[in-house]
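Below you'll find the structure, written out as structure tokens, and then a few comments.
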Amino acid sequence: MEKKTDPHRKLTDILEEINKRGNFRASVYATDEGLVLASNKSPQISEAKVGAMATLLSESAHRAESEVEMKNFKYLKIAYGNGLIMCRALEAQGKTFLLAVLADPPANDEYGKYYDQLMDWAGDNGRDALVELLTL
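Using this note's numbering, read the sequence shown as starting at 95 and increasing by one per residue.
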């Protein structure tokens, strides 16, 4: 009998992997309402800050849709002098989820492309677990 993988554990493992490979400070899977489903963070980042990041990004995407008539949120990058926030929409069975990370600014374009590849990988590999969480 095949042992079933816990979807929350799978999502957490994926986030741990991208944090390690990208040297990200924090990463999170959340609903498009900002509810955190799984997160992984460095010890310097509080869980409350990770949740706040997901909620703020969700609110920003919704406000852009309603106030400036943007449609079908895909991704968002916000660059600061000391960091970068990246957020990507993930569609699964008609539901939208968010994948967000807090990273150091990329040292060059190649690092920026690598960050995008990590986000793609996490989106592709987390989708089944997100769908499974919908059915729990």
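We put the CB at the ideal spot given by N, CA and C, even for glycine. Quick caveat, the model's predicted, so the values are computed rather than measured.
* **Simplified DSSP state of R157, which is helix, strand or coil** => Working through the sequence shown from its first residue, we reach residue 157 at position 63. Residue state for R157 is assigned as helix, using DSSP reduced to three classes.
* Asked: CA-CA distance, G220 and R115?
  -> Within the sequence shown, numbered from 1, the residue matching residue 220 stands at position 126. Within the sequence shown, numbered from 1, the residue matching residue 115 stands at position 21. G220 and R115: Cα-Cα distance of roughly 16 Å.
* To do: Report yes or no: do three or more beta-carbon pairs, one from the segment 115 to 130 and one from the segment 145 to 157, lie closer than 8 Å?
  => As far as the Cβ criterion goes, the segment 115 to 130 touches the segment 145 to 157, which means the pair count is three or higher.
* Asked: Thinking C-beta only, is G177 closer than 8 Å to L37?
  -> In the structure displayed, the chain extends from 95 to 230; residue 37 sits before or after that span and is not available.
* Does DSSP classify L230 as helix, strand or coil? -> Taking the sequence shown and counting its residues from 1, the one referred to as residue 230 is at position 136. Note: L230 maps to coil in three-state DSSP.
* **One or two residues paired with A132 in a DSSP bridge** => Within the sequence shown, the letter at position 38 stands for residue 132. According to DSSP, which records beta bridges pairwise, A132 is partnered with Y123.
* Asked: When we look at the beta-carbon of V162 and count the other beta-carbons within 10 Å, is it buried (16 or more) or exposed?
  -> Counting from 1 along the sequence shown, the entry for residue 162 is found at position 68. V162 comes out exposed.
* To do: Could you spell out the range, first to last residue, of the beta strand (DSSP E) harbouring I172?
  => Taking the sequence shown and counting its residues from 1, one reaches residue 172 at position 78. Its beta strand (DSSP E) spans residues Y169 to Y174.
* Across which residues does DSSP place G177 in a beta bridge pair? -> Locating residue 177 in the sequence shown gives position 83, where the first residue counts as 1. DSSP lists Y174 as the beta-bridge partner residues of G177.
* Given 8 Å as the limit, is there contact between the segment 132 to 144 and the segment 97 to 109, that is, 3 or more CB pairs closer than that? -> Judged by Cβ distances under 8 Å, the segment 132 to 144 makes contact with the segment 97 to 109, as three or more pairs qualify.
* Among G206, A223 and Y174, the one whose alpha carbon lies nearest that of L54 -> This structure cannot settle anything about residue 54, because the visible part of the chain is limited to 95 through 230.
* Please name the residue or residues paired with R182 in a DSSP beta bridge. => In the sequence shown, counting from the first residue as 1, residue 182 sits at position 88. According to DSSP, which records beta bridges pairwise, R182 is partnered with Y169 and L193.
* Asked: Should L227 go down as buried or exposed, given a rule of 16 or more other Cβ atoms within 10 Å for buried?
  -> Sequence index remark: in the sequence shown, residue 227 carries index 133 (1-based). The residue in question, L227, is buried, as its Cβ has 16 or more Cβ neighbours within 10 Å.
* For N117, which three-state DSSP category applies? -> Within the sequence shown, residue 117 is the residue found at index 23, counting from 1. It is coil, neither helix nor strand.
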